[in-house]
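The sequence shown begins at 38 in our numbering and counts up by one. For every residue, glycine included, the Cβ atom is placed at its ideal position computed from N, Cα and C. Encoded as structure tokens, the structure appears first; notes follow it.
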Amino acid sequence: MSAFTLKLVAFFLMVLDHIFYYIWGTPIWFTYIGRIVAPIYFFLLVESFFHTRNRKRFIIRLFTSAGIVFLILNVMFRQPMNIFASMAMGALMMELMEFTKESESGFKKFLGVLGTIIVAILSLFTEASYLGVGMILIFYFLREKRFLMSICYILFSFFEISFVFGSKYLIEEMFYGNYQWMMVFSIIPINLYNGKAGYRSKFFNYFFYVAYPLHIILLLIIGNSINPPY
Numbered sequence: 038m039s040a041f042t043l044k045l046v047a048f049f050l051m052v053l054d055h056i057f058y059y060i061w062g063t064p065i066w067f068t069y070i071g072r073i074v075a076p077i078y079f080f081l082l083v084e085s086f087f088h089t090r091n092r093k094r095f096i097i098r099l100f101t102s103a104g105i106v107f108l109i110l111n112v113m114f115r116q117p118m119n120i121f122a123s124m125a126m127g128a129l130m131m132e133l134m135e136f137t138k139e140s141e142s143g144f145k146k147f148l149g150v151l152g153t154i155i156v157a158i159l160s161l162f163t164e165a166s167y168l169g170v171g172m173i174l175i176f177y178f179l180r181e182k183r184f185l186m187s188i189c190y191i192l193f194s195f196f197e198i199s200f201v202f203g204s205k206y207l208i209e210e211m212f213y214g215n216y217q218w219m220m221v222f223s224i225i226p227i228n229l230y231n232g233k234a235g236y237r238s239k240f241f242n243y244f245f246y247v248a249y250p251l252h253i254i255l256l257l258i259i260g261n262s263i264n265p266p267y
């Protein structure tokens, strides 16, 4: 499965997840399968980081997109979604880790480590929060060790269950309360990735950037039309 195919799958499932979020009465399994979306995007973020010809331009593009989405979704429409902010911070964190590894002087290494820690902390305040940071670190450090990466990712996914472990309503909490652990299933499409970019075109170079805020706005309008907030 190419990177392009993975992006299409993730985008389609993201739309289903947001349909559940905005349109009342949508079956809960729409958001179940939506749990695998963010991990796929973060996995592809790491792959794109290592394959892009210009990392600085790549990072600037992500921060620009995050800024535009912030103005449109967060400010104008007051929606608490901006995955680009999490991805931009993740890309910056990886760049700082690369800077640390490549630096020869102890002072530069110190600055790299300090910068990485600061960015990681700031990332906790973005949409993906600690989940985004954790996934990026797993996909980044274990990129060439697919089996070990899978094991660590699975364990990280099930960490979410610890928040409800011990509750006498454990099953109900797992499937109707905190079901973020279902992101574990994203390891299946991730392991189907063949390392190839797949189909390329100028249209799709920008499609995913534009379609993200656009489909949320459309679903918000549809949801408010079907079930007016007042």
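Count the other C-beta atoms from every protein chain shown that fall within 10 angstroms of the C-beta of Glu132, then say buried if there are 16 or more, exposed otherwise. Numbered from 1 along the sequence shown, position 95 holds the residue referred to as residue 132. Answer is buried; the Cβ neighbour count reaches 16.
Sequence-distant residues of its chain with Cβ nearer than 7 Å to Gly171 (five each side left out): Start at 1 with the first residue of the sequence shown, and residue 171 comes out as number 134. Within the same chain, Gly171 has close Cβ partners Phe193.
In the DSSP assignment, the alpha helix (DSSP H) including Val74 goes from what residue to what residue? If you number the sequence shown from 1, residue 74 lands on position 37. Where Val74 is concerned, the enclosing alpha helix (DSSP H) stretches over 74–88.
Going by C-alpha to C-alpha distance, which of Phe222, Leu45, Val46, Arg72 sits closest to Phe57? For the purposes of this step, residue 57 is identified with residue 20 of the sequence shown, where counting begins at 1. Looking at the Cα atoms, Arg72 is the closest of the given residues.
Under 8 Å: do the stretch 48–56 and the stretch 94–109 share three or more Cβ pairs, one atom per stretch? no
Could you check if Trp218 is buried or exposed, using at least 16 other CB atoms within 10 Å of its CB as the buried criterion? On the sequence shown, residue 218 is found 181 positions in, with the first residue counted as 1. Trp218 should be labelled buried.
Report yes if the C-beta distance between Ala125 and Ile77 is below 8 Å; otherwise report no. Within the sequence shown, the letter at position 88 stands for residue 125. Within the sequence shown, the letter at position 40 stands for residue 77. No, Cβ-Cβ distance for Ala125 and Ile77 is not below 8 Å.
Within a Cβ cutoff of 8 Å, which residues of the same chain sit near Phe107, ignoring the five residues on either side of it in sequence? Position 70 of the sequence shown, counted from the first residue, corresponds to residue 107. Cβ within range, chain order: Asn119, Ala122.
What three-state label does DSSP hand Glu141 in the structure shown? Taking the first residue of the sequence shown as position 1, residue 141 is located at position 104. If DSSP states are grouped into helix, strand and coil, Glu141 belongs with coil.
Just how far apart, CA to CA, sit Gly260 and Ala75? If you number the sequence shown from 1, residue 260 lands on position 223. If you number the sequence shown from 1, residue 75 lands on position 38. Approximately 23 Å between the Cα atoms of the pair.
Below 7 Å CB to CB, which residues in the same chain sit around Ser140 once its five sequence neighbours on both sides are set aside? As a first step, residue 140 must be located in the sequence shown, where it is residue number 103. Lys146, Gly149.
Among Phe200, Phe67, Asn228, Val83, which has the Cα closest to the Cα of Glu135? Position 98 of the sequence shown, counted from the first residue, corresponds to residue 135. For the residues Phe200, Phe67, Asn228, Val83, the minimum Cα distance to Glu135 belongs to Val83.
Terminal residues of the alpha helix (DSSP H) in which Ala165 lies: For the purposes of this step, residue 165 is taken as the residue at position 128 of the sequence shown. That residue, Ala165, is in no alpha helix (DSSP H); it is neither H nor E in DSSP.
What do you get for Met113, buried or exposed, if any count of 16 or more other CB atoms within 10 angstroms of its CB means buried? Along the sequence shown, read from residue 1 onward, the residue named residue 113 stands at position 76. Met113 is exposed by the Cβ-count criterion.
Contacts around Tyr167, its chain only, beta-carbon distance under 7 Å, and the 5 residues preceding and following it disregarded: Along the sequence shown, one-based indexing puts residue 167 at 130. Excluding residues within five positions, the ones whose Cβ falls inside 7 Å are Leu161.
So, helix, strand or coil for Leu251, using DSSP? Within the sequence shown, residue 251 is the residue found at index 214, counting from 1. Note: Leu251 maps to helix in three-state DSSP.
Helix, strand or coil for Arg98, going by three-state DSSP, please let me know. Working through the sequence shown from its first residue, we reach residue 98 at position 61. Helix.
Which of the three DSSP states, helix, strand or coil, is assigned to Met38? Taking the sequence shown and counting its residues from 1, one reaches residue 38 at position 1. It is coil, neither helix nor strand.
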